[in-house]
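The opening position of the sequence shown corresponds to residue 1 in the UniProt record's numbering, with each subsequent residue numbered one higher.
Beta carbons are placed, not taken as given, at the ideal position from N, Cα and C, and that holds for glycine.
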Amino acid sequence: MVDITVSVNGAARAGSVEARKTLADFLRDDLDLTGTHLGCEHGVCGACTVIVDGRAVRSCLMLAVQAAGSEVTTIEGLAPDGELGTLQQAMADSHSFQCGFCTPGFVMQATAFLDAHPDAEEREIREALSGNICRCTGYQSIIDGVLLAARRSREA
Numbered sequence: 001m002v003d004i005t006v007s008v009n010g011a012a013r014a015g016s017v018e019a020r021k022t023l024a025d026f027l028r029d030d031l032d033l034t035g036t037h038l039g040c041e042h043g044v045c046g047a048c049t050v051i052v053d054g055r056a057v058r059s060c061l062m063l064a065v066q067a068a069g070s071e072v073t074t075i076e077g078l079a080p081d082g083e084l085g086t087l088q089q090a091m092a093d094s095h096s097f098q099c100g101f102c103t104p105g106f107v108m109q110a111t112a113f114l115d116a117h118p119d120a121e122e123r124e125i126r127e128a129l130s131g132n133i134c135r136c137t138g139y140q141s142i143i144d145g146v147l148l149a150a151r152r153s154r155e156a
């Protein structure tokens, strides 16, 4: 077992984990942050995407011990008071999702991307989200939501 401390959604969280435990399992099982979803568990679908030190990462591929000392943001950290952020509201307004399973991964990927590229154009957004899979939508409504959020952020 390895003792780790990780800042998760702005709060220091400690745990004792097996060296082989993934960050996704640590978040879900040890910290009860079940908004991070596990889909393929091979890093292909993007459902488990979280932000680690400002970068979107697949938490099913990262070990919890690798996140020690890092700042991790999960989907729960984007609306700590229950108020939707600009991106979340824009995606809701655009009816971006149906079943919601892939939603946390898309939102986290888009959040990290828009933080780094606030003036992104549609082509760039499509490329940034191309590694996330949704089995319910045709993707256009997801792109529309991210574009709407980018526009709203620029106008604010």
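Segments of 3+ residues assigned as beta strand (DSSP E) that fall wholly inside the segment 56-138: Assignment of beta strand (DSSP E) within the segment 56-138, counting only whole runs of 3 or more residues, yields 71-73 in chain order.
Pro80, buried or exposed, once every other Cβ within 10 Å from all chains shown has been counted against 16: exposed
Span separating the alpha-carbon of Gly39 from that of Phe101: 9 Å
Cβ separation of Val50 and Thr73, assumed to be a contact under 8 Å, to the nearest whole Å: The beta-carbon separation of Val50 and Thr73, rounded to 6 Å, stays under the 8 Å limit for a contact.
Cβ neighbours of Glu41 in the same chain (closer than 7 Å, five flanking residues each side left out): Cys60
Asp144 in three-state terms, based on DSSP: helix
Closest Cα partner of Val44 within the set Ser130, Asp144, Cys136: Ser130
Option in Ser153, Leu148, Gly138, Ala14 with minimal Cα separation from Ala68: Ala14
For Arg154: DSSP bridge partner residues: Paired residue(s): none; Arg154 is not in a bridge.
Assigned exposure category for Asp25 - 16 Cβ within 10 Å defines buried: Asp25 is classed as buried because its beta carbon has at least 16 other beta carbons within 10 Å across all chains shown.
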